[in-house]
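There are 4 protein chains.
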Amino acid sequence: MDTELIRIGRRFDARGWVMGTSGNFSAVTGRDPLRLAITRSGTHKGELTPADILEYGDGRVLRGEGAASAETALHLEIVAARGAGCVLHTHSIWSTLLSHRHGDEGGLAIEGYEMLKGLAGVSTHEHREWLPILENDQDMPRLAIVVRRTLADHPSCHGFLLRRHGLYTWGAAPAEAARHVEILEFLLESVARSKEAESWRS
Amino acid sequence: MDTELIRIGRRFDARGWVMGTSGNFSAVTGRDPLRLAITRSGTHKGELTPADILEYGDGRVLRGEGAASAETALHLEIVAARGAGCVLHTHSIWSTLLSHRHGDEGGLAIEGYEMLKGLAGVSTHEHREWLPILENDQDMPRLAIVVRRTLADHPSCHGFLLRRHGLYTWGAAPAEAARHVEILEFLLESVARSKEAESWRS
Amino acid sequence: MDTELIRIGRRFDARGWVMGTSGNFSAVTGRDPLRLAITRSGTHKGELTPADILEYGDGRVLRGEGAASAETALHLEIVAARGAGCVLHTHSIWSTLLSHRHGDEGGLAIEGYEMLKGLAGVSTHEHREWLPILENDQDMPRLAIVVRRTLADHPSCHGFLLRRHGLYTWGAAPAEAARHVEILEFLLESVARSKEAESWRS
Amino acid sequence: MDTELIRIGRRFDARGWVMGTSGNFSAVTGRDPLRLAITRSGTHKGELTPADILEYGDGRVLRGEGAASAETALHLEIVAARGAGCVLHTHSIWSTLLSHRHGDEGGLAIEGYEMLKGLAGVSTHEHREWLPILENDQDMPRLAIVVRRTLADHPSCHGFLLRRHGLYTWGAAPAEAARHVEILEFLLESVARSKEAESWRS
Numbered sequence: 003m004d005t006e007l008i009r010i011g012r013r014f015d016a017r018g019w020v021m022g023t024s025g026n027f028s029a030v031t032g033r034d035p036l037r038l039a040i041t042r043s044g045t046h047k048g049e050l051t052p053a054d055i056l057e058y059g060d061g062r063v064l065r066g067e068g069a070a071s072a073e074t075a076l077h078l079e080i081v082a083a084r085g086a087g088c089v090l091h092t093h094s095i096w097s098t099l100l101s102h103r104h105g106d107e108g109g110l111a112i113e114g115y116e117m118l119k120g121l122a123g124v125s126t127h128e129h130r131e132w133l134p135i136l137e138n139d140q141d142m143p144r145l146a147i148v149v150r151r152t153l154a155d156h157p158s159c160h161g162f163l164l165r166r167h168g169l170y171t172w173g174a175a176p177a178e179a180a181r182h183v184e185i186l187e188f189l190l191e192s193v194a195r196s197k198e199a200e201s202w203r204s
Numbered sequence: 003m004d005t006e007l008i009r010i011g012r013r014f015d016a017r018g019w020v021m022g023t024s025g026n027f028s029a030v031t032g033r034d035p036l037r038l039a040i041t042r043s044g045t046h047k048g049e050l051t052p053a054d055i056l057e058y059g060d061g062r063v064l065r066g067e068g069a070a071s072a073e074t075a076l077h078l079e080i081v082a083a084r085g086a087g088c089v090l091h092t093h094s095i096w097s098t099l100l101s102h103r104h105g106d107e108g109g110l111a112i113e114g115y116e117m118l119k120g121l122a123g124v125s126t127h128e129h130r131e132w133l134p135i136l137e138n139d140q141d142m143p144r145l146a147i148v149v150r151r152t153l154a155d156h157p158s159c160h161g162f163l164l165r166r167h168g169l170y171t172w173g174a175a176p177a178e179a180a181r182h183v184e185i186l187e188f189l190l191e192s193v194a195r196s197k198e199a200e201s202w203r204s
Numbered sequence: 003m004d005t006e007l008i009r010i011g012r013r014f015d016a017r018g019w020v021m022g023t024s025g026n027f028s029a030v031t032g033r034d035p036l037r038l039a040i041t042r043s044g045t046h047k048g049e050l051t052p053a054d055i056l057e058y059g060d061g062r063v064l065r066g067e068g069a070a071s072a073e074t075a076l077h078l079e080i081v082a083a084r085g086a087g088c089v090l091h092t093h094s095i096w097s098t099l100l101s102h103r104h105g106d107e108g109g110l111a112i113e114g115y116e117m118l119k120g121l122a123g124v125s126t127h128e129h130r131e132w133l134p135i136l137e138n139d140q141d142m143p144r145l146a147i148v149v150r151r152t153l154a155d156h157p158s159c160h161g162f163l164l165r166r167h168g169l170y171t172w173g174a175a176p177a178e179a180a181r182h183v184e185i186l187e188f189l190l191e192s193v194a195r196s197k198e199a200e201s202w203r204s
Numbered sequence: 003m004d005t006e007l008i009r010i011g012r013r014f015d016a017r018g019w020v021m022g023t024s025g026n027f028s029a030v031t032g033r034d035p036l037r038l039a040i041t042r043s044g045t046h047k048g049e050l051t052p053a054d055i056l057e058y059g060d061g062r063v064l065r066g067e068g069a070a071s072a073e074t075a076l077h078l079e080i081v082a083a084r085g086a087g088c089v090l091h092t093h094s095i096w097s098t099l100l101s102h103r104h105g106d107e108g109g110l111a112i113e114g115y116e117m118l119k120g121l122a123g124v125s126t127h128e129h130r131e132w133l134p135i136l137e138n139d140q141d142m143p144r145l146a147i148v149v150r151r152t153l154a155d156h157p158s159c160h161g162f163l164l165r166r167h168g169l170y171t172w173g174a175a176p177a178e179a180a181r182h183v184e185i186l187e188f189l190l191e192s193v194a195r196s197k198e199a200e201s202w203r204s
């Protein structure tokens, strides 16, 4: 698991999705009781080492030095609601931009793109994906409740945006979660540039 | 052949043209009977291993685990119509954008660029390349027929776009097909940004 | 220290922030008397070797061949005013663009972004960062005085821009300074693209 | 020399400036008689091997298999007129775009940018660089004459653009020529994006 999260970090760093020490990743390592491998707070995701991946469970760090990501509560909500095996959170330019532009509408619809088929369970470009947008909040317990409600209200969504903050997505395993990041980032850039193109002189 | 497809995958991944598990590649390994090396469905093209390249022929996978790309039928049409030795399919932001913008016109003309000379048989920037755009379709046998007709109607085209889906191009060998991807992607970005520049204040 | 500056150079080169031989980096190696490791003038920051990092103190190069960066005086002002352990100067497209666009206003406010929390001491996206913009000047002693006054006038700023020139930021150690570059560059691109998006047809 | 050209090719490929098999590089290896190391026609500049660098002199290939770049005549004009030790030709999106937009004016002025100081002999951002733009032409002897006249008419220019084709620049040695490519490409992108920004809503 750790090796996979480290490799994902390098890949996402190359794309500019985890600048500074932004982003955080987790993978479920046990279900009963629930155990997570989760990135240490304040690490650069492009330069992770095994020591930067903590074991978390029973509400605390069980193994490793330092604090788990401040957003651990959000990871736990997603694991509980979706049975996800991996949760990935990234910060990109396009997710930041669109999360604000469509923030007042509470979400963003994406449809008509072949790339939608890269989302688990989607078999046609005619699929309509609703990507909820949540107001950003530094109060993690409060934000966790909003995440729980959002996941309940949108049982088929594959991710959500935090306004002017970034993307959360997940998957059964790290490879699927990483694929969802790539797919959603591709779609967000496509949506943004297409919107821009509508302003070109015809 | 396998090594070449693996290297092409890494190169295209670095450019963001095969995000998620998108895209698929094939190379002809025998002509009589026809044999293809083709990427396994659902693989990440930036992380291909030899086991991800299947041998295909006589309408089925002859060697390797897993299914051939769902779009194998399109590869076969191109090999048959053009005698291509390699077919490459990629998903980029610019091909996605322009395939939709010009979709209703059925294609896109590109002319006046020196880079056109990177297309096989083109010796001057004054060449006019017509890049056909086909409606996207999840019904592969039906889409294969449209591909066949398009290739017949445009005997000198070097590639085509599927609407909001991506680019297909080909070549006598992997190196030529990869060059065509790079050339066409460069030209598509140039066309899009030039169109954008027409809207700048003069 | 040298190894860290070399690695930072490679990272920033990959992002296009130190094109040509632009940019310069320093790290404090002693406080009493003050000693700096600083990049030699005219080196490519993506290809630094240990020989390209000079020891500087008492107003001159103490160890190594060649001249210290022409902008050493600015590094010294920042170290003195902020107690910084590392000063990094980069040239990016977005800092160049925004430093000119907002140059007449003397600075640029950035607020509302989660990424602001990557700046030392910032704990909420509601933080408002004022990034001062100074007129570019080839007279280094004169520019050093302007830098000193700017740092005094804006005691909580994390960096500043030189108009049509680039970004200066700093940190307690190389890792923090590098994080500030990544954070500020992300924010500058976000601000610029958001401004652009305001012109899209709604 | 060969090693330097190979490394430059890898660097420029990573930036997308030598897509397909575009671009060509040369370095002077002897002055009397004149000898050039020059890239073989039809090679990918990101994957050069020593065998792809030919020795050229007395109007023909002296060592190596294959043909010298079709644009060898232009390299020779630049070496003769400027005493250059290295000539680099690249194809980028921004040079393609601006060479067309400003083609009718015969060139493009760049001034006010700190990055101008990366051009040999320029010591202030107040420098005004005139980058001539030549009409593209497949007739190399004729184009060589236009290059010769352009270099005579603009004795202090550091490069020129071929319309919808690309950039030529040079330097005393490969490192300086490569620096000029990076500097001019940075400036061209800056000029283009600044122009774009003028259209943003104020």
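Just so you know, the sequences run in chain order X, Z, E and S.
Each number in the numbering used here comes from the position in the first sequence (counting from 1) with 2 added on.
Each number in the numbering used here comes from the position in the second sequence (counting from 1) with 2 added on.
Each number in the numbering used here comes from the position in the third sequence (counting from 1) with 2 added on.
Each number in the numbering used here comes from the position in the fourth sequence (counting from 1) with 2 added on.
Beta carbons: idealized from backbone N, C-alpha and C, even for Gly.
Just tell me which of the options has its CA closest to the CA of residue i.
i	options	result
Ser24/Z	Ala72/Z, Gly66/Z, Pro157/Z	Ala72/Z
Ala261/X	Glu131/X, Leu56/X, Arg203/X, Lys119/X	A query on residue 261/X cannot be resolved here, the shown segment of chain X reaching from 3 to 204 and no further.
Thr74/E	Ala177/E, Val149/E, Ser158/E	Val149/E
Leu56/Z	Asp34/Z, Ala16/Z, Leu7/Z, Gly85/Z	Leu7/Z
His167/Z	Arg13/Z, Gly11/Z, Met3/Z, Asn26/Z	Asn26/Z
Arg9/Z	Lys197/Z, Arg165/Z, Arg33/Z, Glu49/Z	Glu49/Z
Ala53/E	Tyr170/E, Asp34/E, Ala70/E	Ala70/E
His182/S	Leu64/S, Cys88/S, Ser196/S, Asp34/S	Cys88/S
Glu137/S	His102/S, Tyr170/S, Thr171/S	His102/S
Gly120/Z	Val30/Z, Glu187/Z, Arg151/Z	Glu187/Z
Thr171/Z	Arg151/Z, Thr51/Z, Ala86/Z	Ala86/Z
Arg165/E	Ile147/E, Asp139/E, Arg151/E	Asp139/E
Ser125/X	Ala16/Z, Met142/Z, Thr51/Z, Gly68/Z	Met142/Z
Leu163/Z	Ala177/Z, Arg62/Z, Asp106/Z	Asp106/Z
Taking 8 Å as the cut-off, decide whether the C-beta atoms of residue i and residue j are in contact.
i	j	result
His156/E	Ile135/E	no
Leu38/X	Ser28/X	yes
His127/X	Gly114/X	yes
Ala179/Z	Leu90/Z	yes
Leu133/Z	Gly161/Z	yes
Gly32/Z	Glu184/X	no
Leu99/E	Ser196/S	yes
Ser84/Z	Leu145/Z	Checking the sequence shown, residue 84/Z turns out to be Arg, not Ser. Taking 8 Å as the Cβ cut-off, Arg84/Z and Leu145/Z do not qualify as a contacting pair.
What does residue i reach in chain X if we use C-beta pairs closer than 8 Å?
i	result
Trp200/Z	Per the sequence presented here, residue 200/Z reads as Glu, with Trp not at that position. Chain X residues near Glu200/Z: Trp202, Arg203.
Lys47/Z	Here the premise fails: no neighbours, minimum Cβ distance about 11 Å.
List the residues of chain X that residue i touches, going by C-beta distances under 9 Å, in chain order.
i	result
Met117/E	Met21, Gly22, Ser24, His93, Thr98, Arg166, His167, Gly168
Give the residues of chain X in contact with residue i, contact being defined as C-beta atoms less than 7 Å apart.
i	result
Arg195/E	Ile95, Leu99
Gly66/E	Chain X residues near Gly66/E: none, gap ~28 Å exceeds 7 Å.
Glu191/E	Ile95
Taking Cβ-Cβ distances shorter than 8 Å, what residues in chain Z pair up with residue i?
i	result
Thr126/X	Gln140
Quick one: list the residues of chain E neighbouring residue i, beta-carbon separation under 7 Å, in chain order.
i	result
Arg103/X	Ala199
Arg181/S	Gly22, Thr23
Gly120/S	Gly22, Thr23, Ser24
Residues of chain Z with CB under 7 Å from residue i, in chain order?
i	result
Glu184/X	Met21, Gly22
Gly256/X	This structure leaves residue 256/X out entirely; chain X is present only between 3 and 204.
Which residues in chain E have a C-beta closer than 8 Å to the C-beta of residue i? List them in chain order.
i	result
Phe27/S	Per Cβ cutoff of 8 Å: no residues; Phe27/S is ~17 Å from chain E at best.
- Query: So, do the region 75-82 of chain S and the region 41-57 of chain S have three or more beta carbon pairs nearer to each other than 8 Å?
  - Reply: Contact check between the region 75-82 of chain S and the region 41-57 of chain S: fewer than three CB pairs, one atom from each, fall below 8 Å, which does not count as touching.
### Query
Which whole runs of the beta strand (DSSP E) in the region 63-106 of chain S are 3 residues long or more, in chain order?
88-92
Is there contact between the region 95-110 of chain Z and the region 191-201 of chain X, where contact requires at least three CB pairs shorter than 8 Å?
-> When C-beta atoms of the region 95-110 of chain Z are compared with those of the region 191-201 of chain X, three or more pairs fall below 8 Å, so the two segments count as touching.
Worksheet item: Can you give, in chain order, each stretch of the alpha helix (DSSP H) that sits fully within the region 115-159 of chain Z and has at least 4 residues?
Response: 142-155
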